[in-house]
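Remarks on the structure that follows.
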Amino acid sequence: MKKSALLIALLAVAVLNLVSCGGGVSITTPPSRLTERVLASQSASTPTAAGGLIIIDGELDTLGHGGISAGTSPGLMAISPQRSVLLAFDSVTDRVDVINTSKESLTGTIQLPGFTMSMVVPVPSAGYAAVPSAPLNGTSPGAVVVMNLTSGGVSATINVPNAQTVASNPSGTQILAFSNDSNAVTVVSPALINSGSPVTTTVTGFDRPVNAVFSTDGSIAYVLNCGAECEGTQASVQPLNMATLTPGTPVPVDGATIAFLNGTTLYVAGNSPTNSLCTGQTTAATTCGRLDIMDLNSMTVTGSAVITDGYHDRIDMSLGGQLFIGSMGCTDIGNVNNPQGEVRGCLSIFNTTNSSVVIPADNGDVTGLQSFSTRYAEYVAEGGNLRVYNTLTDTLLDTDYITTGTIVITGKIIDVKAIDFF
423 MKKSALLIAL LAVAVLNLVS CGGGVSITTP PSRLTERVLA SQSASTPTAA GGLIIIDGEL
483 DTLGHGGISA GTSPGLMAIS PQRSVLLAFD SVTDRVDVIN TSKESLTGTI QLPGFTMSMV
543 VPVPSAGYAA VPSAPLNGTS PGAVVVMNLT SGGVSATINV PNAQTVASNP SGTQILAFSN
603 DSNAVTVVSP ALINSGSPVT TTVTGFDRPV NAVFSTDGSI AYVLNCGAEC EGTQASVQPL
663 NMATLTPGTP VPVDGATIAF LNGTTLYVAG NSPTNSLCTG QTTAATTCGR LDIMDLNSMT
723 VTGSAVITDG YHDRIDMSLG GQLFIGSMGC TDIGNVNNPQ GEVRGCLSIF NTTNSSVVIP
783 ADNGDVTGLQ SFSTRYAEYV AEGGNLRVYN TLTDTLLDTD YITTGTIVIT GKIIDVKAID
843 FF
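Per my numbering, the sequence shown starts with residue 423, numbered consecutively.
Here is the structure:
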């Protein structure tokens with residue numbers, strides 16, 4: 423027994439030496455002591471609820487210890503591909519809080535010149551926000567604001583009138599900006615900032631473009647033309663060659679405001695003014711949205727499904743192939759707190775295996791979605807609540823730790839991001 427105890431002690435000392443001396447073993451424990459963490463942005467709604475970022479145990483679906491201070495009303499969040507840097511936008515102060523996820527701490531704040539609904543963090547050192555009201559001398563309001571996430575502050579304010587949305591290629595070398603009521607896309611080249619050369623290139627030939635999804639290698643951007651839903655002509659998906667900045671032939675779809683790329687299949691959601699019936703669904707809603715399935719090899723639409731209406735701006739694929747589609751401003755039916763009849767909100771779940779659609783019994787805008795790579799679960803911020811869905815059954819999760827499918831948090835939950843790979 424004494425020899426065993428001595429051996430264990432020696433092994434413990436050896437491991438500690440390896441950690442301290444860089445001997446190949448790396449053990450890092452965050453302050454919350456959780457290894458599978460999720461952050462939820464809590465917009466305070468009561469005098470007793472302070473705004474901030476709530477740390478959640480993404481394995482047990484329970485609240486972690488502590489949280490991260492992030493303004494008075496944090497909402498929209500964006501995270502770097504490495505999950506090392508997270509941005510949280512405070513809608514009260516128009517301030518972006520920069521979070522170091524490993525330390526679970528605020529490392530700085532960056533003041534934006536106005537409200538944003540779209541941010542991207544393609545690399546840990548730089549973030550980009552579309553600010554439609556940004557004042558600029560001698561030109562119309564609107565800009566893409568470049569945030570320096572290393573030293574802090576705004577490193578550039580790039581004139582893009584009425585900029586609403588930004589999207590980045592995988593490497594962060596090209597940023598696309600989309601403006602309201604425009605038929606053009608603005609391409610921003612961050613490497614040319616302060617070089618004396620033009621930083622932006624305007625590409626025309628679109629139909630009210632609102633967003634884009636990049637191919638894995640970044641060579642093609644599949645531009646989403648909102649078309650008739652945004653007072654244009656025809657919704658479509660239009661490829662943009664990012665080397666030559668040449669638009670390709672648009673492929674008509676029912677609606678196109680958000681999309682998800684899975685291999686060579688593009689799932690595109692939106693509304694069609696001419697095809698809005700809720701065919702196949704038993705509902706009191708009089709209008710419905712559409713999800714179109716597009717094969718990128720042939721550039722053809724191979725299927726479609728009826729989903730909830732509203733402006734679709736959230737989409738995510740869960741483990742197992744359940745596609746979660748969220749919108750805002752949809753037709754709410756019934757009352758989830760008093761379910762005497764049909765209850766319907768802004769969330770649709772599309773089964774990519776059999777093309778069936780589930781409309782969960784919940785109300786409100788969907789403002790955040792987060793899937794997991796090792797769990798059949800999806801976090802959904804809907805109507806200010808944080809729901810947890812079992813993606814094998816498309817129902818609210820029921821376990822020993824969460825029996826109502828809701829992680830109870832005081833205040834209004836706006837967005838949700840996983841900050842660990844799991």
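Glycine included, every Cβ here is placed at the ideal spot set by N, Cα and C.
Counting C-beta pairs closer than 8 Å gives fewer than three between the stretch 680-688 and the stretch 703-712, which falls short of the contact rule. Put simply, the backbone Cα of T638 is about 20 Å away from that of T587. Linking G564 to A552 through their CA atoms gives a straight-line distance of about 8 Å. If you keep only unbroken beta strand (DSSP E) runs of at least 3 residues inside the stretch 604-655, you get 606-610, 622-626, 631-636 and 642-647. Contact between the stretch 750-767 and the stretch 722-741 is present: 3 or more CB-CB pairs across the two stretches fall below 8 Å. DSSP places V659 in the strand class (E or B) of the three-state scheme. The continuous beta strand (DSSP E) containing D717 extends over residues G711 to D717.
Residue pairing by DSSP puts F772 in a beta bridge opposite L745 and V779. Per DSSP, reduced to three states, the secondary structure at P674 is strand.
Distance check between V518 and each of S495, S698 and V810 places S495 closest, using alpha-carbon atoms only. For E651, the closest C-alpha among the options L662, D676 and N633 is that of D676.
In the structure shown, the three-state DSSP call for Q586 is strand. In the DSSP assignment, E804 falls within the unbroken beta strand (DSSP E) covering A799 to E804. By the neighbour-count definition (other C-beta atoms within 10 Å, threshold 16), Y689 is a buried residue. Per DSSP, reduced to three states, the secondary structure at T704 is coil, with no helix or strand assignment. Under the three-state reduction of DSSP output, T828 falls in the strand class. The Cβ atoms of V673 and V723 lie closer than 8 Å to each other. Short of 6 Å from the beta carbon of A783, and not among the five residues preceding or following it, lie these beta carbons of its own chain, in chain order: V765.
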